[in-house]
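For the sequence shown, numbering that gives the first Met the number 0 gives the first residue as 0, with consecutive numbering after it. Report on one structure; see the data block that follows.
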Amino acid sequence: MAMPQNSTGENGFCFAQTLDFSRPSPPPGEAGRTFAATSGREPCGTALSNGTASSGAPSPSDSCAEPLCSATPGEEGTQFDEGIKYVSAEGEELACGWGGFTPGCLQLFNTSKGVLFFLCVASFLQGMTVNGFINTVITSIERRFDLRSYQSGLIASSYDIAACVCLTFVSYFGGNGHKPRWLGWGVLVMGLGSLLFALPHFTTGRYEAHSAAEVGVCGGNQSLPCARAASSLSSYRFVFMLGQFLHGMGATPLYTLGVTYLDENVKTNYSPVYIAVFYTAAILGPAAGYLVGGMFLNIYTEIGREIDIAPENTLWVGAWWIGFLGAGAASLLISIPILGYPQRLPGSQRYIVMRVSEAHQLKDGSHQKAADPDFGKTVKDLPRSVLLLLKNPTFIFLCLAGATEATLIAGMSTFGPKFLESQFSLSASEAATFFGYLVVPAGGGGTFLGGFLVNKFKLRCSGIIKLCLLCTVSSLLAIFIFFMHCPNMPMAGVTQMYTGSALPGGHLNLTAACNAECGCLRETYSPVCGSDGIMYYSPCHAGCKEVSENLRNGKKVYRECSCVEKTLLPGPGDAEAGKCTSSCAKRPLLLFFMFVVILFTFLSSIPALTATLRCVSDRQRSFALGIQWIVVRTLGGIPGPIAFGSMIDKSCLLWQDQCGEQGSCYVYQNSAMSRYTLTAGLVYKVLGTTFFTVACLLYKPPPAESAPGSSDASENGNCDLQEHKPSLTAEEDI
0 MAMPQNSTGE NGFCFAQTLD FSRPSPPPGE AGRTFAATSG REPCGTALSN GTASSGAPSP
60 SDSCAEPLCS ATPGEEGTQF DEGIKYVSAE GEELACGWGG FTPGCLQLFN TSKGVLFFLC
120 VASFLQGMTV NGFINTVITS IERRFDLRSY QSGLIASSYD IAACVCLTFV SYFGGNGHKP
180 RWLGWGVLVM GLGSLLFALP HFTTGRYEAH SAAEVGVCGG NQSLPCARAA SSLSSYRFVF
240 MLGQFLHGMG ATPLYTLGVT YLDENVKTNY SPVYIAVFYT AAILGPAAGY LVGGMFLNIY
300 TEIGREIDIA PENTLWVGAW WIGFLGAGAA SLLISIPILG YPQRLPGSQR YIVMRVSEAH
360 QLKDGSHQKA ADPDFGKTVK DLPRSVLLLL KNPTFIFLCL AGATEATLIA GMSTFGPKFL
420 ESQFSLSASE AATFFGYLVV PAGGGGTFLG GFLVNKFKLR CSGIIKLCLL CTVSSLLAIF
480 IFFMHCPNMP MAGVTQMYTG SALPGGHLNL TAACNAECGC LRETYSPVCG SDGIMYYSPC
540 HAGCKEVSEN LRNGKKVYRE CSCVEKTLLP GPGDAEAGKC TSSCAKRPLL LFFMFVVILF
600 TFLSSIPALT ATLRCVSDRQ RSFALGIQWI VVRTLGGIPG PIAFGSMIDK SCLLWQDQCG
660 EQGSCYVYQN SAMSRYTLTA GLVYKVLGTT FFTVACLLYK PPPAESAPGS SDASENGNCD
720 LQEHKPSLTA EEDI
């Protein structure tokens with residue numbers, strides 16, 4: 000344990016006089032104990048490390064474990080020039096720097112707020128790269144390197160695979176090692192992964208794209224080649240997979256060791272707020288990735304070359320690689336200060352001393368094994384450490400509850416924009432923007448608010464689990480909004496016949512007398528909205544003969560459309576590129592309750608994480624987070640999008656036809672999509688509610704005598720007085 004020495008700059012002790020420790024422990028009959036200064040000053044009440052006044056005989060070690068008060072009640076708040084500073088008994092270096100290079104200017108950042116800043120930057124970069132840039136540019140990468148959807152899916156999954164492989168090793172050995180070094184090297188590896196991900200742009204030839212002949216209008220179709228020769232560019236998928244694997248390796252310490260390093264170096268009550276700020280940065284990262292990545296995609300990939308196609312053209316490939324270069328360079332830079340932090344921040348020892356264990360108490364008492372200072376330092380302790388966690392039912396059910404919430408979050412983040420796109424007849428970019436407006440305030444605000452509530456009400460472990468349960472039940476009730484849906488926009492040959500009547504048996508029929516002579520291809524899906532308010536599969540399927548451009552909005556306007564009826568005058572009507580605008584009156588209600596579902600789902604994330612840290616032994620915290628991440632990823636994060644995707648695909652009305660093979664879905668039936676979304680949401684929310692309830696019921700806190708009654712005074716660090724317990728003063732000078 001750290002020993003006190005006279006020094007300046009530390010406010011954990013505020014005595015100016017010499018202290019006499021000659022009698023560290025009183026007779027058993029005394030109600031309490033304080034230390035009095037040798038100058039004859041009146042002794043003052045002592046706040047114990049857990050925040051309550053002593054009511055029984057303390058242990059002999061309390062002379063070092065208790066923070067001492069600074070003044071008599073009449074001199075509350077008085078500060079002296081001299082204080083007491085903790086110095087590690089093992090001679091541990093607590094200065095910020097690299098090896099022997101520890102300049103004084105760096106010590107300004109050697110605080111918990113300094114660590115929080117650099118870790119927030121790292122988590123922001125991780126979220127922006129992995130959950131922002133990757134999802135934004137995946138279509139461009141498929142087009143540029145001739146990749147199929149399942150191959151790009153493997154690229155995305157490589158991140159989770161790497162995380163699952165590394166989590167056990169990193170959380171176990173890193174948890175008992177020098178955490179900032181693990182974190183710094185992890186961020187550096189993550190930066191190398193980003194640079195590697197951008198490498199194929201520089202090692203391949205120039206991308207050539209030529210404006211194809213107009214194939215959209217009636218009579219203008221050309222035969223599209225179905226069989227395309229296999230391209231050697233698809234081999235670059237292995238480079239992308241390796242880059243993602245490095246992303247996963249590098250991010251593994253960030254959300255396990257980073258969380259526990261913050262938790263260990265701040266007051267227990269402030270820990271949820273620090274962790275909430277850390278995770279809020281990680282949530283804002285993807286939002287920035289979508290915005291910045293979208294801007295880069297409007298720049299042609301071969302910068303400086305003139306091209307005769309626009310970004311709306313299906314042959315366009317944007318500058319997908321710029322974001323990865325910037326994020327990689329920033330990650331390499333931010334890893335340098337993180338590597339310079341000490342294993343333990345100056346002054347953090349007093350928080351460790353004041354911390355009271357809330358670990359779940361096992362019946363056989365085996366949880367006490369983890370209290371051994373040598374436990375967990377060798378590989379032979381790994382099976383015992385896993386067994387201790389498996390015997391902790393609170394931890395197990397918190398992991399399962401986290402997996403159900405992760406399934407919903409992964410499903411919503413993947414298919415939320417698709418849901419909005421279908422329900423409100425939006426373009427993909429409009430739907431992504433709408434979803435961003437929902438997720439940033441609801442996800443980021445909910446994450447921060449969850450940590451704030453735990454700190455505000457100073458919740459113990461059981462209270463935190465109850466808060467998680469309340470949030471889950473609230474989102475469960477809000478998810479019933481998916482009983483509602485917006486009607487599909489009428490689409491000729493898909494939702495109705497060209498004559499306006501219902502399709503017989505729900506079978507598609509895109510050919511009618513008005514477009515029979517056009518020779519339209521199923522491969523050219525380019526929806527247009529007719530002046531009659533009906534959508535058509537393409538300008539060709541609407542029977543359009545001419546094309547021009549609308550000067551107001553820049554959209555293409557097709558004229559002489561034989562399938563479109565004019566509303567007033569007889570004759571062929573016009574059609575405009577894009578989907579028809581939906582006028583669904585239920586849009587505000589749906590958006591509001593989707594906001595509520597996202598808010599309460601994220602609101603429980605930080606409390607659940609805090610409960611996980613509290614319900615296990617201190618020495619197992621990093622390892623417990625690693626095991627939890629494995630459970631959450633394998634049971635939630637990886638299968639979540641697959642489960643949601645398979646359910647949503649059941650509501651598809653119109654599939655892409657790739658030369659006779661079924662591709663992606665073009666049009667969904669809104670009522671079926673809402674019904675399946677409701678089913679999936681209810682199943683996972685009910686499971687989450689059940690798991691939180693069981694975790695709460697099975698949690699067995701430490702004995703009452705070791706639980707603090709108030710953590711304010713002892714955790715304040717400014718030597719606040721326990722004025723409401725004045726009776727616990729010594730009767731004589733020591």
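For each residue, glycine too, the CB sits at the ideal point set by N, CA and C. Note that this is a predicted model, so its numbers are computed, not measured.
- Straight-line Cα distance separating GLY183 from ILE478: 41 Å
- Query: Which value, in whole angstroms, describes the spacing of the CA atoms of GLY435 and LEU290?
  - Reply: 9 Å
- Just the Cα atoms here: how many angstroms apart are TRP319 and LEU187? 22 Å
- Where does GLY98 fall in DSSP's three states? coil
- Buried versus exposed, by CB contacts within 10 Å (16 or more), CYS528: buried
- Find out if the Cβ-Cβ distance for the pair LEU768, PHE123 is shorter than 8 Å. There is simply no residue 768 to check, as the chain begins at 0 and stops at 733 in what is shown.
- Message: Let me make sure I understand the geometry here. Which of PHE244, VAL556, ALA607, LEU475 has the alpha-carbon closest to that of SER157?
- Response: PHE244
- Query: Does the Cβ-Cβ distance between PHE132 and GLY249 come in under 8 Å?
  - Reply: no
- Between the Cα of THR600 and those of GLY680, VAL693, LEU166, THR633, spot the shortest distance and give me the residue it belongs to. GLY680
- Task: Determine contact between the region 322-334 and the region 160-170, defined as no fewer than three beta-carbon pairs at a distance below 8 Å.
- Result: no
- Would DSSP call CYS583 helix, strand or coil? coil
- ARG674, DSSP secondary structure in three states: helix
- What residue does the beta strand (DSSP E) around GLU545 start on, and which one ends it? 545-548
- Message: Tell me which residue opens and which closes the alpha helix (DSSP H) that ASP648 is part of.
- Response: 638-648
- Message: Can you tell me which residues form a DSSP beta bridge with GLU575?
- Response: CYS528, VAL556
- Query: Applying the criterion that 16 or more other CB atoms from any shown protein chain within 10 Å of the CB defines a buried residue, is LEU296 buried or exposed?
  - Reply: buried
- Message: Does the beta-carbon of GLY442, which I'm using as the reference point, lie nearer than 7 Å to any heavy atom of the ligand PLP?
- Response: The ligand PLP is absent from the structure shown, which contains no ligand whatsoever.
- Item | 8 Å contact criterion, which ILE557 and ALA541 should meet: CB distance rounded | Checking the displayed sequence, the identity of residue 557 turns out to be Tyr instead of Ile. Sure, about 7 Å apart at Cβ, within 8 Å.
- Query: Which residues in the same chain have their Cβ closer than 6 Å to the Cβ of ARG40, if we skip the five residues on either side of it in sequence?
  - Reply: Note that ARG40 has pLDDT 40, beneath the 50 cutoff, so the model's placement of it is unreliable and no number is given.
- Examine the Cβ distances between the region 604-620 and the region 378-397 and report whether three or more of them are shorter than 8 Å. yes
- Message: By the DSSP assignment, the alpha helix (DSSP H) with ASN297 in it spans what residues?
- Response: Looking at the DSSP string, ASN297 is not in any alpha helix (DSSP H), and its letter there is neither H nor E.
- Message: So, at 6 Å on beta carbons, what are the nonlocal neighbours of VAL596 in its own chain, with the 5 sequence-adjacent residues on each side left out?
- Response: SER474, ALA477, ILE478
- Query: Where SER742 and ASP573 are concerned, what is the direct C-alpha to C-alpha distance, given to the nearest angstrom?
  - Reply: Only positions 0 to 733 of the chain appear in this structure, which leaves residue 742 out of reach.
- Since ALA281 contacts GLN125 with CB under 8 Å, what's their CB separation in whole angstroms? 7 Å
- Does DSSP put ASP145 in a helix, in a strand, or in coil? coil
- Task: Might you give, ordered along the chain, the residues of its own chain that have their beta carbon closer than 6 Å to the beta carbon of ALA491, omitting 5 neighbours on each side?
- Result: TYR497, ILE533, TYR535
- Between the beta-carbon of THR688 and the beta-carbon of LEU344, is there less than 8 Å? no
- Query: Beta-carbon separation of GLY288 and MET127 under 8 Å?
  - Reply: yes
- Query: Which residue comes first and which comes last in the alpha helix (DSSP H) that contains TYR743?
  - Reply: Shown here, the chain extends from 0 to 733; a query on residue 743 therefore has no answer.
- Item | C-alpha distance - GLN655 paired with LEU520, whole-angstrom precision | 12 Å
- Query: What's the call for PRO59, buried or exposed, on a 16-neighbour Cβ count within 10 Å?
  - Reply: Because the pLDDT of PRO59 is 39, which lies under 50, any placement of that residue in the model is unreliable, and the number read from its coordinates should be weighed accordingly. Exposed, because fewer than 16 other Cβ atoms sit within 10 Å of the Cβ of PRO59.
- Message: Quick check: is the beta carbon of THR138 nearer than 8 Å to any beta carbon in chain C?
- Response: Protein chains in the displayed structure number just one, and chain C is not present.
- Message: Less than 8 Å between the beta carbons of ALA738 and VAL439, yes or no?
- Response: Missing from the structure shown is residue 738; the chain here goes from 0 to 733 and no further.
- Who pairs with GLU564 in a beta bridge, going by DSSP? PRO571
- Item | Integer-rounded CB distance, given that LEU115 should sit under 8 Å from GLN254 | Per the sequence shown, residue 254 should be read as Tyr rather than Gln. Not a contact, Cβ separation roughly 14 Å.
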